[in-house]
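A.B. asks: Please see the structure below; I have some questions.
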Amino acid sequence: MSFARDAQLLLMPPAAAVLATLLQVGSGHAQTGAAPSTRPAPARIQLTPRQESELFQGQRTLSMRAHSDQIAILQKGERCLGEAKDLKALSSCRQTERQARRELMNRNREEARALHQRLGLPAPRGGWGEGSRGKGRTSADWSDPADQI
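Under our numbering, the first residue of the sequence shown carries the number 1, and numbering increases by one thereafter.
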């Protein structure tokens with residue numbers, strides 16, 4: 001027994017060192033690939049002064065309403081959680097809040113698309129609901145055309 005124990009104690013540090021070296025090599029190898037932003041930058045959109053003004057007012061209105069709606073969802077969720085008496089009620093509160101946030105996100109997305117369409121601008125691209133989460137997307141893919149001014 002003591003021989004096996006001594007062998008374990010003797011071999012453990014070298015094995016750990018080899019493992020650490022392999023992990024560093026693997027992570028270094030992964031970092032030597034192509035740069036993540038190999039796509040060309042999207043073209044800037046030129047807005048007329050009227051479009052810029054209306055887009056600003058519309059986006060500010062949408063953002064203010066979204067913030068108010070988010071606060072209302074959080075307050076309703078807080079009341080529900082405070083009244084919850086068991087795990088099932090707690091789970092129900094979380095599910096209701098999550099569903100309300102999803103509906104708000106979808107409503108905000110549709111209102112933003114309508115605003116852009118009304119102004120003759122391309123619709124904002126990307127988002128979590130597009131089914132391509134984490135599949136080689138860059139920050140440029142998530143942008144709103146108004147951010148490219």
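Note that beta-carbon positions come from the ideal geometry of N, C-alpha and C, so glycine has one too. These numbers come from a predicted model, not from an experiment.
With respect to the alpha helix (DSSP H) encompassing Thr61, which residues constitute its N-terminal and C-terminal limits?
C.D. replies: Looking up residue 61 in the sequence shown gives position 61. First-last of the alpha helix (DSSP H) with Thr61: Pro49 to Glu83.
A.B. asks: Answer with buried or exposed for Ala123, where buried requires no fewer than 16 other C-beta atoms within 10 angstroms of its C-beta.
C.D. replies: Position 123 of the sequence shown, counted from the first residue, corresponds to residue 123. Looking at its Cβ environment, which holds fewer than 16 other Cβ atoms inside 10 Å, Ala123 is exposed.
A.B. asks: Report all residues from its chain with a CB closer than 7 Å to the CB of Gly77; omit the five preceding and five following residues, and keep chain order.
C.D. replies: To locate residue 77, count along the sequence shown from 1; it is residue 77. Answer for Gly77: Cys93 and Glu97, listed in chain order.
A.B. asks: Using a 10 Å radius around the Cβ and a threshold of 16 neighbouring Cβ atoms, would you call Ala112 buried or exposed?
C.D. replies: The residue you call residue 112 lines up with position 112 of the sequence shown. Answer is buried; the Cβ neighbour count reaches 16.
A.B. asks: Just how far apart, CA to CA, sit Arg125 and Lys85?
C.D. replies: Here residue 125 refers to the residue found at position 125 when the sequence shown is read from its first residue. Here residue 85 refers to the residue found at position 85 when the sequence shown is read from its first residue. If I take the Cα positions, the gap works out to 42 Å.
A.B. asks: Extract the residue ranges of the alpha helix (DSSP H) inside the segment 101 to 127, only unbroken runs of 4 or more that lie entirely within it.
C.D. replies: Here no run is fully enclosed.
A.B. asks: Please say whether Leu119 and Gln51 have beta carbons closer to each other than 7 Å?
C.D. replies: Stepping through the sequence shown from its first residue, residue 51 is reached at position 51. Stepping through the sequence shown from its first residue, residue 119 is reached at position 119. Contact: yes.
A.B. asks: Just verifying my parser: in three-state terms, what is the DSSP assignment at Asp86?
C.D. replies: Sequence index remark: in the sequence shown, residue 86 carries index 86 (1-based). The answer is coil: DSSP assigns Asp86 none of H, G, I, E or B.
A.B. asks: Hey, how far is the Cα of Ala30 from the Cα of Ala20?
C.D. replies: In the sequence shown, the residue the question calls residue 30 occupies position 30. In the sequence shown, the residue the question calls residue 20 occupies position 20. Here Ala30 scores only 48 on pLDDT, less than 50, and its place in the model should not be relied on; the value that follows carries that caveat. So the two alpha carbons sit approximately 15 Å from each other.
A.B. asks: Can you say whether Leu81 is buried or exposed, counting buried as having 16 or more other CB atoms within 10 angstroms of its CB?
C.D. replies: Numbered from 1 along the sequence shown, position 81 holds the residue referred to as residue 81. Under this definition Leu81 is an exposed residue.
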